[in-house]
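Just so you know, the sequences run in chain order A and B. Numbered per the numbering used here, the first sequence finishes at 535, counting up by one with no gaps. Numbered per the numbering used here, the second sequence finishes at 802, counting up by one with no gaps. Structure record follows, encoded as structure tokens.
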Amino acid sequence: MNKRFNSITARGDSIVPENPYLSVSDVTRLVNDILELQFPQLLFRGEISQLTLAQSGHIYFTVKDEGAQLSCAMWAGVARTLAFKPRVGMTVRCHGRPNVYAQTGRFQVVVHRMFEDGEGELRRRFLELQKRLESEGFFAPERKRSLPFLPRAVGIVTSSTGAVIHDMMVKIRERFPAMVVYLADTRVQGEGAASEISQAIRRLDRSGLVDVLIVARGGGSLEDLWAFNEEEVVKAVFACSKPVISGVGHEVDVTLCDLVADVRAPTPTAAAEMVVPHVEDLLFHISELNRRLRDTDRWYQPRVQRVDELSLRLKSRLVSVSKEAALKVKAAEATLSRIKPDRVIELLGLKLLAFEKRLSDAARRDKRDRLNKLEALNSRLEALSPQSVLNRGFSVLYSKGAHVRSVLGVKRGDPIEVRVADGIITGVVGKEIADG
Amino acid sequence: MARGKGVGSVDDKISLEDIMQGRVTTEQVAKLSFEEALTLLEGVVAAVESGSLPLDQAIGSYERGTHLVQHLRALLSGAEEKLRVLGEE
Numbered sequence: 100m101n102k103r104f105n106s107i108t109a110r111g112d113s114i115v116p117e118n119p120y121l122s123v124s125d126v127t128r129l130v131n132d133i134l135e136l137q138f139p140q141l142l143f144r145g146e147i148s149q150l151t152l153a154q155s156g157h158i159y160f161t162v163k164d165e166g167a168q169l170s171c172a173m174w175a176g177v178a179r180t181l182a183f184k185p186r187v188g189m190t191v192r193c194h195g196r197p198n199v200y201a202q203t204g205r206f207q208v209v210v211h212r213m214f215e216d217g218e219g220e221l222r223r224r225f226l227e228l229q230k231r232l233e234s235e236g237f238f239a240p241e242r243k244r245s246l247p248f249l250p251r252a253v254g255i256v257t258s259s260t261g262a263v264i265h266d267m268m269v270k271i272r273e274r275f276p277a278m279v280v281y282l283a284d285t286r287v288q289g290e291g292a293a294s295e296i297s298q299a300i301r302r303l304d305r306s307g308l309v310d311v312l313i314v315a316r317g318g319g320s321l322e323d324l325w326a327f328n329e330e331e332v333v334k335a336v337f338a339c340s341k342p343v344i345s346g347v348g349h350e351v352d353v354t355l356c357d358l359v360a361d362v363r364a365p366t367p368t369a370a371a372e373m374v375v376p377h378v379e380d381l382l383f384h385i386s387e388l389n390r391r392l393r394d395t396d397r398w399y400q401p402r403v404q405r406v407d408e409l410s411l412r413l414k415s416r417l418v419s420v421s422k423e424a425a426l427k428v429k430a431a432e433a434t435l436s437r438i439k440p441d442r443v444i445e446l447l448g449l450k451l452l453a454f455e456k457r458l459s460d461a462a463r464r465d466k467r468d469r470l471n472k473l474e475a476l477n478s479r480l481e482a483l484s485p486q487s488v489l490n491r492g493f494s495v496l497y498s499k500g501a502h503v504r505s506v507l508g509v510k511r512g513d514p515i516e517v518r519v520a521d522g523i524i525t526g527v528v529g530k531e532i533a534d535g
Numbered sequence: 714m715a716r717g718k719g720v721g722s723v724d725d726k727i728s729l730e731d732i733m734q735g736r737v738t739t740e741q742v743a744k745l746s747f748e749e750a751l752t753l754l755e756g757v758v759a760a761v762e763s764g765s766l767p768l769d770q771a772i773g774s775y776e777r778g779t780h781l782v783q784h785l786r787a788l789l790s791g792a793e794e795k796l797r798v799l800g801e802e
């Protein structure tokens, strides 16, 4: 608050000043004071319509929209730090302090920061480029390569100044202290950044030193991250012979570099986390494998146990075999012991006697039978004896020493002999008369 | 995340078969990349555990398995500062 301003309010309180008229300079100063108080910082956006680059390095320009225009000035010191060249027709975002330029009485804004307001325009270019590169196959999922399990070395493309490289190194150290990291230092925004980034990617790739690359940058506006949307960078990532992780901006920022990379990390630190495995995990895994390898319980002892088991089974089998045998012998012994030898002999004797009897009976029967048969045969034989025939009164005729069986056997006058039971009668054939 | 083949391995690949047949020297093991050595170790452990290896092969595999473990641990050790700035061409 200042004196002159107070004097006005004082007038409102009906204090009559000696001189109610302010000087022009005072008016200007007064207005400037009010403006300064009211608008310590004015943020506005519009299109540059006039532009004068003064000898002094100051820039005078007009920013307008459909209904109004603002005179602007930018001092040389600020103008030198601009990330872009202001041009007529360019939409810009300005940070400034308004005042009235006393000499001309003109209202103006002294701009101390100015950004190219690319958002709309950049977004349009982004989508256009994305569409084209996509149709050319740059973002095809099938060409995404998987990351090496454990790279020999990691290449990082980012700025050597700032928190990003530091944070990434901390993360890598933490996970895998022995990992070698090659940094290709580049600018990550502004004119020429895209070209530096592309060159850095090619340089790391050609060096053959690394197995994987990270392209990284901290968060920022679309404009800040624009270098990572340039076709040049997309093509460099695409052409890289090693897998590339893109860790550009925050999770919400999507760049074309993210889309073309083999893996997109939400942040640079996340990229660092992905690029190397955790050494503790690996050591644990190895220890686990080592433990399993050394765990003879799992592969050696079972064999020993198997041998033991077989040996036991063999032994027990032998025992059971011999037991069986012993049992059999015992049973036999028991059987034997039940038998009384005397009784056996007695039984045997009786059996023998019975057998003998049967034998002698049989023999007797046999003898009688034979005698009977002999008798029968004998009587049949006797019946056939000539003597017995003669005894029964028959006689036999012989002539000339031969038995005469037919009338034809003799002729009249032949001598004959008749054998009868008690002697012989001789004679001569008188007449032979045949029967019939 | 899927991790693919590591780069920078020796040209004449050592197979699990080689390990189990005892055709691998300590020097050859020392040249293996981390991933190769790890894959082999996993194979050796699985084979030994299966109990189907003849005993002499199982014991030989066990010995070479411990070589692989030593090699893997060696690859993971070391903690010196290893950030190198790649110079301009």
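A virtual CB, placed ideally from N, CA and C, is assigned to each residue, including glycine.
Item: So aspartate 284 of chain A contacts chain B; which residues on that side make the cut at Cβ distance below 7 Å?; Value: Val798
Item: Within the same chain, show all residues whose beta-carbon is closer than 8 Å to that of valine 309 of chain A, passing over the 5 residues directly before and after it, in chain order.; Value: Pro250, Arg251, Ala252, Val253, Gly254, Tyr281, Leu303, Lys341
Item: Any beta carbon of chain B sitting closer than 8 Å to that of valine 359 of chain A?; Value: no
Item: Out of curiosity, what's the CA-to-CA distance linking leucine 796 of chain B and glutamate 776 of chain B?; Value: 37 Å
Item: Please confirm if alanine 795 of chain B has its CB atom under 8 Å from at least one CB of chain A.; Value: Note on identity: in this sequence residue 795 of chain B is lysine, with alanine being the wrong assignment. Lysine 795 of chain B counts as touching chain A.
Item: In angstroms with no decimal places, state the Cα-to-Cα distance between leucine 458 of chain A and asparagine 477 of chain A.; Value: 28 Å
Item: Have a look at the DSSP bridge pairing and note the partners of glycine 522 of chain A.; Value: A:Val519
Item: For isoleucine 772 of chain B, is the classification buried or exposed, using 16 other Cβ atoms within 10 angstroms of its Cβ as the cut-off for buried?; Value: exposed
Item: Is there a Cβ from chain A that is less than 8 Å from the Cβ of leucine 785 of chain B?; Value: yes
Item: Proline 401 of chain A CB to nearest chain B CB: under 8 Å?; Value: yes
Item: Would you say the stretch 221-241 of chain A touches the stretch 254-274 of chain A, given that touching needs at least three Cβ pairs under 8 Å?; Value: no
Item: Interface residues of chain B around leucine 324 of chain A at Cβ under 9 Å?; Value: Simply none; closest approach about 23 Å.
Item: Taking threonine 779 of chain B as the query, report the chain A residues whose CB atoms sit under 9 Å from its CB, ordered along the chain.; Value: Asn389, Leu392, Arg393
Item: Is there at least one Cβ from chain B nearer than 8 Å to valine 280 of chain A's Cβ?; Value: yes
Item: Whole angstroms is fine: what's the gap from lysine 230 of chain A's alpha carbon to alanine 338 of chain A's?; Value: 19 Å
Item: On the premise that glycine 188 of chain A lies in contact with isoleucine 147 of chain A, defined as a C-beta separation below 8 Å, what is that separation, rounded to the nearest angstrom?; Value: 7 Å
Item: Please confirm whether arginine 291 of chain A and isoleucine 313 of chain A have their CB atoms less than 8 Å apart.; Value: The sequence shown places glycine at residue 291 of chain A, rather than the arginine named in the question. In this structure, isoleucine 313 of chain A does not lie closer than 8 Å to glycine 291 of chain A by Cβ.
Item: Where does the unbroken beta strand (DSSP E) through methionine 278 of chain A begin, and where does it stop?; Value: First-last for methionine 278 of chain A: undefined, no H or E at that position.
Item: Taking the runs of the beta strand (DSSP E) that are 3 residues or longer, which of them lie wholly in the stretch 190-249 of chain A?; Value: 190-200, 205-215
Item: Could you tell me the boundaries of the beta strand (DSSP E) in which phenylalanine 160 of chain A lies?; Value: 158-163
Item: Quick one: Cα of asparagine 101 of chain A to Cα of glutamate 215 of chain A, how far?; Value: With a pLDDT of 47 at asparagine 101 of chain A, under the threshold of 50, the modelled position of this residue cannot be trusted, and the question is left open.
Item: Show which residues of chain A have a CB atom less than 8 Å away from the CB atom of glutamate 730 of chain B.; Value: Within 8 Å Cβ-Cβ: nothing; glutamate 730 of chain B doesn't reach chain A, min ~18 Å.
Item: Measure the C-alpha to C-alpha separation of threonine 368 of chain A and serine 259 of chain A and round it to an integer number of angstroms.; Value: 15 Å
Item: Can you look up arginine 144 of chain A in the DSSP assignment and give me helix, strand or coil?; Value: strand
Item: Measuring only the C-alpha atoms, how far is glycine 176 of chain A from serine 320 of chain A?; Value: 24 Å
Item: When the Cα of phenylalanine 275 of chain A is compared with those of A:Lys429, A:Arg205, A:Glu379, A:Asp396, which residue comes out closest?; Value: A:Glu379
Item: Would you decide whether methionine 714 of chain B is buried or exposed? Buried here means 16 or more other CB atoms lie within 10 Å of its CB.; Value: Note that methionine 714 of chain B scores 40 on pLDDT, short of 50, meaning its location in the model is unreliable; the coordinates nonetheless yield the value given after this. Burial call: exposed.
Item: Apply the 10 Å Cβ neighbour rule to alanine 326 of chain A and answer buried if 16 or more other Cβ atoms are within range, or exposed otherwise.; Value: buried
Item: Apart from the five residues just before and just after methionine 373 of chain A, which ones in its own chain have a Cβ nearer than 8 Å to its Cβ?; Value: Leu246, Ile344, Val362, Ala364
Item: Which chain B residues are close to leucine 303 of chain A, counting only those with a beta carbon under 7 Å from its beta carbon?; Value: Leu799
Item: Could you name the residues of the stretch 740-754 of chain B whose beta carbon sits closer than 7 Å to any beta carbon of chain A, in the order they occur along the chain?; Value: Phe747, Glu748, Leu754
Item: Less than 8 Å between the beta carbons of alanine 315 of chain A and alanine 370 of chain A, yes or no?; Value: yes
Item: To the nearest whole angstrom, what separates the beta carbons of leucine 799 of chain B and phenylalanine 747 of chain B, a pair I think is in contact under 8 Å?; Value: That belief does not hold up - the Cβ atoms of leucine 799 of chain B and phenylalanine 747 of chain B are roughly 23 Å apart, past 8 Å.
Item: Using the Cα positions of valine 428 of chain A and alanine 759 of chain B, report the straight-line distance between them to the nearest angstrom.; Value: 54 Å
Item: When the distance is taken between beta carbons, is histidine 349 of chain A closer than 8 Å to threonine 366 of chain A?; Value: yes
Item: Can you pull the chain B residues whose beta carbon is under 9 Å from the beta carbon of phenylalanine 382 of chain A, in chain order?; Value: The sequence given here places leucine at residue 382 of chain A; phenylalanine does not occur at that position. Neighbours of leucine 382 of chain A on chain B, chain order: Leu785, Arg786, Leu789.
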